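Chemist: Per the working numbering, the very first residue in the sequence shown carries number 5; after that it's consecutive.
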Amino acid sequence: MGTEVLFDRQRPVVRALRVEVRRGPDKGLGLELDDEPIRIGTSPGCAVRLTDAAVSGVHLELARTSHGLLVRDLGSTNGTFVDGRRIQGVFAEGTVTVSAGGSELRVTPLGRERRLELAADDRFGELVGASAVMRALFARLARVAASDTTVLISGETGTGKELAAAAIRDASRRKDGPLVVLDCGALPQNLIESELFGHERGAFTGADRARTGAFERANGGTIFLDEVGELPLSLQPALLGVLERRESRRVGGAAPVSIDVRVITATNRDLAAEVARGAFRADLYYRLAVVEVRLPALREHRQDIPMLVDHLLAQLPGAHPPLSPETLAQLAAYPWPGNVRELRNVIERAALLAEPPRPSGAPVALRETESQDIDVAVPFKDQKNALVQAFERAYVTKLLAATGGNVAAAARQAGIDRMYLYKLLERCEVGVERR
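(1) Taking just the CA atoms, how far does E121 sit from A149?
(2) How is A394 classed by DSSP in three states: helix, strand or coil?
(3) Under 9 Å, do D152 and R173 count as touching if we go by C-beta distance?
(4) Go ahead and pull the three-state DSSP assignment for E352.
(5) Is it buried or exposed, L443, if we count other Cβ atoms within 10 angstroms and call 16 or more buried?
(6) Work out the CA separation of L247 and G189 for me, nearest whole Å.
(7) Between the Cα of A355 and the Cα atoms of P321, F384, R254, which residue gives the shortest distance?
(8) Have a look at V295 and L404 and give me their C-alpha separation to the nearest angstrom.
(9) R281 and G79 look like a contact to me (Cβ under 8 Å); what is the Cβ gap, rounded to whole Å?
(10) Considering only residues of the same chain and omitting the five flanking positions on each side of Y289, which have a CB-CB separation below 6 Å?
(11) For E97, which of G106, G105, D87 has the nearest alpha-carbon?
(12) Taking 8 Å as the cut-off, does the stretch 182-196 touch the stretch 155-164 (at least 3 CB pairs, one atom from each stretch)?
(13) Quick check: what's the CA-CA separation for H315 versus T226?
(14) Beta-carbon within less than 7 Å of D125's beta-carbon, same chain only, minus the 5 sequence neighbours each way: which residues are those?
(15) Under a three-way DSSP split, which group does G49 fall into?
(16) Closer than 8 Å by C-beta to L444: which residues in its own chain qualify, once you throw out the five before and the five after it? Chain order, please.
(17) According to DSSP, is V137 part of a helix, a strand, or is it coil?
(18) Using only alpha-carbon positions, find the residue among F284, A104, A140 that is nearest to V2.
(19) Would you mind working out which of G202, V232, E24 sits nearest F219, comparing C-alpha positions?
(20) Would R205 count as contacting chain C if we go by Cβ distances under 9 Å?
(21) State buried or exposed for F228, treating a residue as buried only when at least 16 other CB atoms are found within 10 Å of its CB.
(22) Do you know how far the Cα of P260 is from the Cα of Q307?
(23) Let me confirm a value: G419 is counted as buried when at least 16 other C-beta atoms fall within 10 Å, else exposed. Which label applies?
(24) Please report how far the alpha carbon of P326 lies from the alpha carbon of T163, in whole angstroms.
(25) Alpha carbon to alpha carbon, how far is T407 from C432?
(26) Mapping DSSP to helix, strand and coil, what is G245?
(27) Just how far apart, CA to CA, sit A20 and T112?
(28) Under three-state DSSP, which class holds G72?
(29) Restricting to runs no shorter than 4 residues, where is the alpha helix (DSSP H) found entirely within the stretch 214-263?
(30) Please say whether R303 and W340 have beta carbons closer to each other than 9 Å?
(31) Can you tell me which of the three DSSP states H305 falls into?
(32) Beta-carbon within less than 7 Å of R3's beta-carbon, same chain only, minus the 5 sequence neighbours each way: which residues are those?
(33) With DSSP as the reference, identify every bridge partner of F384, one or two as the case may be.
(34) Please list, in chain order, all residues of the same chain as I196 whose beta carbon is under 8 Å from its beta carbon, the five residues on each side excluded.
(35) Using a 10 Å radius around the Cβ and a threshold of 16 neighbouring Cβ atoms, would you call T269 buried or exposed?
(36) Using the rule of at least 16 other Cβ atoms within 10 Å of the residue's Cβ for burial, across every protein chain shown, is P329 buried or exposed?
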């Protein structure tokens with residue numbers, strides 16, 4: 005979740021926040037920021053970096069959302085307080101006082117807006133979209149591609165992170181070099197180190213020959229580490245060492261190998277929160293997130309669905325008639341928890357079976373799932389997430405209807421925390437009047 009992005013008819017705009025330190029070692033520090041999001045702590049990568057020893061490395065973050073300013077503690081040691089009350093996450097309107105450690109900060113939303121640059125084209129590599137949010141993304145990706153900076157791509161499952169990485173590489177000066185892709189979440193933990201850095205013969209049981217690692221194979225080009233948030237803590241120092249020294253050492257090897265590699269990583273995890281709870285190294289996170297690019301969920305740019313459908317149909321063998329306006333409207337009304345990957349699966353299945361496209365993750369009745377609800381062409385994780393999110397949307401919609409839109413009463417009736425319910429509402433795009 006990041007700085008609120010608002011749209012006029014021409015281009016998206018972001019609104020800034022002013023953060024002033026009113027008490028503590030950094031008293032007098034004042035910054036106007038429109039980062040996405042604004043993270044506060046003592047680590048070098050934080051937008052507001054404090055020197056207060058009682059403040060954690062990545063202590064809290066501020067984000068503008070459709071429900072107001074979200075102040076979220078990131079698992080800090082000493083907690084975050086808003087107007088004197090300890091919080092995990094809270095939505096606030098107007099100016100708010102936030103306390104962390106021995107520091108007090110005054111956070112004020114500003115009226116100043118910054119309009120985002122839009123790309124002239126509606127495509128960047130294999131990414132497609134004419135909406136303002138996608139063309140703003142394409143403009144950012146083009147700027148990123150022109151440099152050799154390390155990039156972290158974040159976004160939900162199925163938003164096209166691998167396509168974005170490939171597009172960055174294809175638009176960069178390394179386009180003629182190798183592109184090596186490694187999915188950190190798909191490899192057994194005992195093989196990840198060997199896959200990344202290679203190994204010498206006899207380095208471990210079964211190593212009957214030497215193996216070149218991904219970093220060596222990517223020399224002169226680009227390496228893309230997908231699902232980098234799944235990398236075990238025990239291997240994170242080795243990856244950090246490669247990034248800092250630009251040298252890779254094979255398992256069981258004595259001499260390091262110099263490498264010239266552009267590093268792009270991707271994750272669907274909240275790595276800042278992972279850092280706060282000790283599951284991901286802060287120094288590695290900031291090395292990876294020199295530039296962080298977030299891919300929007302499909303539900304954030306539904307107007308691109310007709311163009312995406314045409315693009316996906318054109319990639320299939322044979323001729324396929326265009327979809328009717330009624331079918332496109334139905335597709336646009338679906339929340340697409342599996343994003344563009346789910347849309348692709350739906351279109352391919354419909355073309356194969358010569359039937360109208362129907363998302364397999366549409367809400368189902370609370371009964372035992374029947375075989376016709378299961379689509380083995382969709383990855384297990386994606387289909388499970390689709391079913392869970394469809395249930396969540398149906399549940400919170402009926403819950404709010406039963407409680408007259410009263411969020412506090414709805415949270416009590418559901419037996420869940422009110423902040424968690426607000427997050428559910430935002431994730432499911434269910435509007436509610438704040439009380």
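Even for Gly, the Cβ is constructed at its ideal location relative to N, Cα and C. Since we're looking at a predicted model, the values are computed, not measured.
Modeler: Working from what's here:
(1) 15 Å
(2) helix
(3) no
(4) helix
(5) Outside the shown range of the chain (5 to 439) lies residue 443, about which nothing can therefore be said.
(6) 20 Å
(7) P321
(8) 39 Å
(9) 4 Å
(10) L275, V279
(11) D87
(12) no
(13) 27 Å
(14) F142
(15) coil
(16) Residue numbering for the chain in the displayed model covers 5 to 439; residue 444 lies beyond these limits and cannot be assessed.
(17) helix
(18) Residue 2 is absent from the model: the chain starts at 5 and stops at 439.
(19) G202
(20) No chain C is present in this structure, which holds just one protein chain.
(21) buried
(22) 50 Å
(23) exposed
(24) 23 Å
(25) 18 Å
(26) helix
(27) 9 Å
(28) strand
(29) 218-221, 240-249
(30) yes
(31) helix
(32) This structure cannot speak to residue 3, because the chain is shown only from 5 to 439.
(33) BP columns for F384 are empty, so no partner.
(34) C188, L235, P236, L239
(35) buried
(36) exposed
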